[in-house]
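S.K.: A single structure is presented below for examination.
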Amino acid sequence: MEKISNYNHSFLERALIHTVLKSDGIKEFLFDAENFCFNKNNLTQNDENNFFITGLARSGTTEALNIFYDTGDFASLTYDDFPFILSPNIYLKFKKIFKKYNSKLFKRAHNDGILISNKSPEAFDEIFWKKELKDNYIDKKYLFKNSLNEKNINKYRIFISLIKKKENKSKFISKNNNLILRIDSIIKYFKKSSILVFFRDPFFHSNSLLNQHKNFLKLQNKNKFIISYMNYLGHHEFGKNLKTFNIGKHDENDPLKLNFWIEQWINYYNYFLTFKSNKNIKFICYEELCRKKNDYIKLKIDDRSLDNLDFNKYSNKNNSIIKPNKNYKLDEAYSIYNDLVNL
């Protein structure tokens, strides 16, 4: 039996997901149990060899995450850890009991041609932040910037170290579009880690976001579980549970119109531009990466230990939609895009 998307869960799988991820108490217990069992030797002492991939959804971050992970040098959360994301080493002992699909490939619900398996890495670490911050940055319409203290950061250091221990790796890779909410703290406390910010031509990027929003509205009408699933993961990029980052202007209110998504693009990347002087932040242009591939990534990331990264399979998925002749939002977006390209 083969899954056709990452939302086709059985009744028992759905019940398990609801049980594990709905309760803050259970999530806290699972993390505390993992910490007690596997953090007896101060695992956080080796916590700086990290790469954080981020960017607005549909900027090419998933494919980049897979390429990093496929080198075999990085630890990451994977579909195989789900839903026991907060206790990956404990679950490692029992996962064969629960998992049916250990190697089958299946399509992402995004219908973007990316095939994944239970061994594929995924953006699950937002579950940690939802637990740690008790969803206090999430309201009905917006996601707010996080106010983190040293206790929050130390727990995240432990979490990263436990993931490294699970795969016996010294490097950590994650992808999280919500990193923008806590970028100040990541820069402050992870001074030797790299942050890769992916960006894409704002017109094609915004069209892709609009199309995915429509796609997920249809999917969620057919399968109500998808809304709960995305809420549990802290994924609010599109669909009925859409929430925008409370950053910048919010003049456009209709997510079925292109200018809504262009505005989200402007807000997101204009805010990231304020951190352009930080040497640990690398801005990665989707179009340039598709065109120059490995030569481009080596130019942007000067790290000989990453010479085995293979971006040659990266391909440009911008379609042939005709750009409007006049669009004041798009003019502003391209000004930001050109600034990012020239960094």
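Residue numbers (our numbering): 1146 to 1488.
Don't be surprised by glycine CBs; every beta carbon is placed ideally from N, CA and C.
Under three-state DSSP, which class holds G1200?
M.R.: Of the three classes helix, strand and coil, the one that applies to G1200 here is strand, per DSSP.
S.K.: Assuming S1319 is part of the beta strand (DSSP E), what are its boundary residues?
M.R.: Run containing S1319: K1316 to K1320, per the beta strand (DSSP E) assignment.
S.K.: So within the region 1316-1376, which uninterrupted beta strand (DSSP E) runs reach at least 3 residues, ignoring any that extend past its ends?
M.R.: 1316-1320 and 1339-1344, all fully within the region 1316-1376.
S.K.: Mind checking S1232: buried by the 16 CB within 10 Å criterion, or exposed?
M.R.: That one is buried.
S.K.: To the nearest angstrom, how far is it from the Cα of E1477 to the Cα of F1428?
M.R.: About 19 Å.
S.K.: Please report the straight-line C-alpha distance between L1475 and H1395, rounded to a whole angstrom.
M.R.: So the alpha carbons of these two residues sit roughly 15 Å apart.
S.K.: What are the boundary residues of the alpha helix (DSSP H) that I1171 is part of?
M.R.: Run containing I1171: D1169 to F1183, per the alpha helix (DSSP H) assignment.
S.K.: Where does I1162 sit, in a helix, a strand or coil, going by DSSP?
M.R.: If DSSP states are grouped into helix, strand and coil, I1162 belongs with the helices.
S.K.: Out of I1198, G1217 and S1465, which has the shortest C-alpha to C-alpha gap to D1346?
M.R.: For the residues I1198, G1217 and S1465, the minimum Cα distance to D1346 belongs to S1465.
S.K.: For I1426, list the residues DSSP reports as bridge partners.
M.R.: I1340, per the DSSP bridge assignment.
S.K.: Compute the distance between the beta-carbons of Y1214 and I1318, then report whether it is under 8 Å.
M.R.: The answer is yes: Cβ separation under 8 Å.
S.K.: Of the residues N1180, L1278 and N1425, which one's Cα is nearest the Cα of G1379?
M.R.: Residue L1278 is the option with its Cα nearest to G1379.
S.K.: Go ahead and pull the three-state DSSP assignment for I1466.
M.R.: If DSSP states are grouped into helix, strand and coil, I1466 belongs with coil.
S.K.: Since E1382 and N1322 are thought to touch, with beta carbons under 8 Å apart, how far apart are those beta carbons, to the nearest angstrom?
M.R.: Their Cβ separation, rounded to whole angstroms, is 6 Å, which keeps E1382 and N1322 in contact under 8 Å.
S.K.: Among N1184, Y1413, L1387 and F1348, whose alpha-carbon lies nearest the alpha-carbon of Y1287?
M.R.: Considering only alpha carbons, the answer is L1387.
S.K.: Ignore the nearest five residues each way along the sequence and tell me which others in H1154's own chain have a CB closer than 6 Å to its CB.
M.R.: Nothing listed; no residue qualifies.
S.K.: Classify I1331: buried if its beta carbon has 16 or more other beta carbons within 10 angstroms, exposed otherwise.
M.R.: By the neighbour-count rule (16 or more Cβ atoms within 10 Å), I1331 is buried.
S.K.: Assuming E1267 and L1222 make a contact with CB atoms under 8 Å, what is their CB distance in whole Å?
M.R.: Contact holds; Cβ gap of about 6 Å.
S.K.: Quick one: what's T1223 bridged to in DSSP?
M.R.: For T1223, which the question treats as bridged, DSSP gives the partners P1266.
S.K.: What separation, rounded to the nearest whole angstrom, lies between the Cα atoms of F1229 and E1312?
M.R.: Approximately 15 Å, taken between the alpha carbons.
S.K.: To the nearest angstrom, how far is it from the Cα of S1480 to the Cα of T1419?
M.R.: Each residue's alpha carbon lies about 15 Å from the other.
S.K.: Compare the beta carbon distance of D1169 and K1314 with 8 Å and say whether it is the shorter of the two.
M.R.: Going by C-beta atoms, D1169 is not nearer than 8 Å to K1314.
S.K.: Answer yes or no: the CB of I1303 versus the heavy atoms of the ligand GTP, is any distance below 7 Å?
M.R.: Absence of the ligand GTP from the depicted structure is noted, as is the absence of any ligand whatsoever, leaving it without description.
S.K.: Would a C-beta distance cut-off of 8 Å place I1303 and N1195 closer than the cut-off?
M.R.: No, these two residues do not count as a Cβ contact at 8 Å.
S.K.: Quick one, which of L1354, Q1409 and I1305 has its alpha-carbon nearest I1325's?
M.R.: Of the candidates L1354, Q1409 and I1305, the one whose C-alpha sits nearest the C-alpha of I1325 is Q1409.
S.K.: Going straight from the alpha carbon of S1339 to that of L1166, what length do you get?
M.R.: Going by the C-alpha atoms only, they are around 29 Å apart.
S.K.: Would you decide whether L1434 is buried or exposed? Buried here means 16 or more other CB atoms lie within 10 Å of its CB.
M.R.: So L1434 counts as buried.
S.K.: Hey, how far is the Cα of R1203 from the Cα of Y1374?
M.R.: Looking at the two C-alpha atoms, the distance is approximately 19 Å.
S.K.: Quick check on DSSP: helix, strand or coil for F1273?
M.R.: In this structure, F1273 counts as helix in the three-state DSSP scheme.
S.K.: Can you list, in chain order, the residues of its chain whose CB lies under 7 Å from that of M1146, leaving out five sequence neighbours each side?
M.R.: Because the pLDDT at M1146 is just 28, under 50, the model does not fix this residue reliably, and the value given afterwards should be weighed accordingly. So no residue of the chain qualifies.
S.K.: Using C-beta distances below 7 Å, list every residue in its chain close to K1276, excluding the 5 sequence neighbours before and after it, in chain order.
M.R.: Within the same chain, K1276 has close Cβ partners D1169, K1172, E1173, F1176 and L1231.
S.K.: Please name the residue, chosen from K1445, S1450 and F1344, that lies closest to K1424 on a Cα-to-Cα basis.
M.R.: The option with the nearest alpha carbon to K1424 is K1445.
S.K.: Report the rounded CA-to-CA distance for T1199 versus K1363, giving the unit in angstroms.
M.R.: Cα to Cα, the separation comes out at about 26 Å.
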